[in-house]
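To start, the structure under review is shown below, and the notes come after it.
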Amino acid sequence: MRRSFDRHHLMTVFQSVARQGSFSRAARHLGLPVSSVSKSVTSLEDSLGIKLIYRTTRHLSLTDEGQRYLGKVDQILNLIDDADDEVRGSQGQPAGRLRIVAPTIWGQFRLAPALSRFMMLYPDIKPELWLEDRTLDLAEEGIDVAFRPKLTPADQDHFCRPLPPSRQRLVASPGYIAGNPMPLATPEDLLHHRTLSYQGHDRVAPWQFWDDEGNSHSIKTDPVLGSNNYGVVLQAALDGVGIARLYDYITEKALDRGELIPLLTKYQQPERDRYLVYQQRRVGSAKLAAFLDFIETELGTKTAYGAG
Numbered sequence: 111m112r113r114s115f116d117r118h119h120l121m122t123v124f125q126s127v128a129r130q131g132s133f134s135r136a137a138r139h140l141g142l143p144v145s146s147v148s149k150s151v152t153s154l155e156d157s158l159g160i161k162l163i164y165r166t167t168r169h170l171s172l173t174d175e176g177q178r179y180l181g182k183v184d185q186i187l188n189l190i191d192d193a194d195d196e197v198r199g200s201q202g203q204p205a206g207r208l209r210i211v212a213p214t215i216w217g218q219f220r221l222a223p224a225l226s227r228f229m230m231l232y233p234d235i236k237p238e239l240w241l242e243d244r245t246l247d248l249a250e251e252g253i254d255v256a257f258r259p260k261l262t263p264a265d266q267d268h269f270c271r272p273l274p275p276s277r278q279r280l281v282a283s284p285g286y287i288a289g290n291p292m293p294l295a296t297p298e299d300l301l302h303h304r305t306l307s308y309q310g311h312d313r314v315a316p317w318q319f320w321d322d323e324g325n326s327h328s329i330k331t332d333p334v335l336g337s338n339n340y341g342v343v344l345q346a347a348l349d350g351v352g353i354a355r356l357y358d359y360i361t362e363k364a365l366d367r368g369e370l371i372p373l374l375t376k377y378q379q380p381e382r383d384r385y386l387v388y389q390q391r392r393v394g395s396a397k398l399a400a401f402l403d404f405i406e407t408e409l410g411t412k413t414a415y416g417a418g
């Protein structure tokens with residue numbers, strides 16, 4: 111019995127080191143001294159007779175054996191968590207760890223505030239929110255719920271719920287509008303205004319609009335500011351630097367407070383789909399059921415489909 115308890119502890123520490131990417135971050139995550147974390151990983155390696163982690167003074171990485179072992183550890187610890195959660199759930203109150211992954215910006219601006227409200231409703235559920243733009247495998251990573259901008263072939267094995275799409279909005283501060291009285295009645299008028307643009311590694315894409323008759327307007331702007339960070343673009347808009355086009359979940363609070371004003375609202379702008387994905391084997395989980403109900407109320411979801 112003692113060995114089983116120790117093994118569970120060692121696996122938990124190893125998993126945290128692998129996920130956090132360093133002994134110090136794992137120690138903070140677990141609330142343990144760094145020396146204790148390091149000794150636990152060494153003890154696990156000694157008991158297995160294999161090297162799990164390559165260590166240098168500034169970096170660590172998993173060996174091939176460590177990567178394979180981590181996959182098994184994830185499965186084992188997830189099964190233990192599932193068993194604990196099922197028993198707790200049978201007593202009434204949902205409880206346990208809830209692992210969630212979401213795209214970085216959407217997770218930061220839209221999901222994180224909602225998650226705070228969820229935690230107040232269910233204090234015994236302990237969410238772990240990963241903000242990640244890569245598509246992660248739910249089973250391999252031990253994820254309970256994933257929010258995705260698009261579905262993958264692997265998601266055919268899971269349940270999927272469409273979420274309301276994220277809509278882009280054209281916004282500017284009252285100060286900018288007051289100081290720049292040039293007309294702004296059509297998308298073409300943007301060519302006479304200062305614009306702010308989110309951009310990735312590629313050039314700035316034209317801004318697309320559709321009028322009531324379905325006619326497309328493609329406007330190639332020459333932004334006074336471009337950034338690969340939505341927060342930078344938002345702040346510049348709030349400061350009155352120019353007109354920005356941002357997703358509704360980024361501008362919502364500023365619009366409610368009157369810090370930004372919506373522009374060209376008669377024109378339709380691009381949308382981005384959102385999906386909520388979860389594993390079939392998690393369906394009976396009380397903590398998952400509580401979260402799904404909350405998200406349906408908070409964001410609005412449609413009927414789930416998939417899982418074969």
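Read left to right, the sequence shown gives residues 111 to 418 (the working numbering). Backbone N, C-alpha and C fix where the C-beta goes; we use that ideal spot for every residue, glycine too. Owing to the predicted nature of the structure, the values given are computational and were not obtained by experimental measurement.
Three-state secondary structure assigned by DSSP to residue i
i, result
"His268", "strand"
"Leu64", "In the structure displayed, the chain extends from 111 to 418; residue 64 sits before or after that span and is not available."
"Tyr357", "strand"
"Ala256", "strand"
"Glu323", "coil"
"Gly176", "helix"
"Pro223", "helix"
"Tyr286", "helix"
"Pro213", "coil"
"Pro263", "helix"
Nonlocal neighbours in the same chain, by C-beta distance under 8 Å from residue i, ignoring five residues either side
i, result
"Val334", "Arg304, Thr305, Leu306, Val351, Gly352"
"Ile186", "Met121"
"Lys161", "Glu155, Thr173, Glu175, Gly176"
Sequence-distant residues of the same chain with beta carbon closer than 7 Å to residue i, five excluded per side
i, result
"Tyr164", "Leu170, Ser171, Thr173"
"Leu189", "none"
Environment of residue i [buried if 16+ CB atoms lie within 10 Å]
i, result
"Arg355", "buried"
"Ala205", "buried"
"Glu155", "buried"
"Thr361", "buried"
"Ser276", "buried"
"Leu231", "exposed"
Residue i: first and last residue of the uninterrupted alpha helix (DSSP H) it sits in
i, result
"Pro237", "No alpha helix (DSSP H) holds Pro237; the beta strand (DSSP E) holding it covers 235 to 241."
"Ser132", "Neither: Ser132 is in no alpha helix (DSSP H) and is coded neither H nor E."
"Val147", "144 to 158"
Cut-off 6 Å between Cβ atoms - residues of its own chain near residue i, not counting five sequence neighbours on either side
i, result
"Tyr286", "Gly350"
"Pro297", "Phe319, His327, Ile329"
"His139", "Ser126, Gln130"
Residue i: first and last residue of the uninterrupted beta strand (DSSP E) it sits in
i, result
"Asp383", "381 to 389"
"Thr407", "Element bounds for Thr407: not the beta strand (DSSP E) but the alpha helix (DSSP H), 396 to 408."
query: Is the segment 365 to 384 touching the segment 276 to 286 in the sense that three or more CB pairs, one from each, lie closer than 8 Å?
result: yes
- prompt: Counting Cβ pairs closer than 8 Å, one from the segment 339 to 348 and one from the segment 247 to 262, do we hit at least three?
  reply: no
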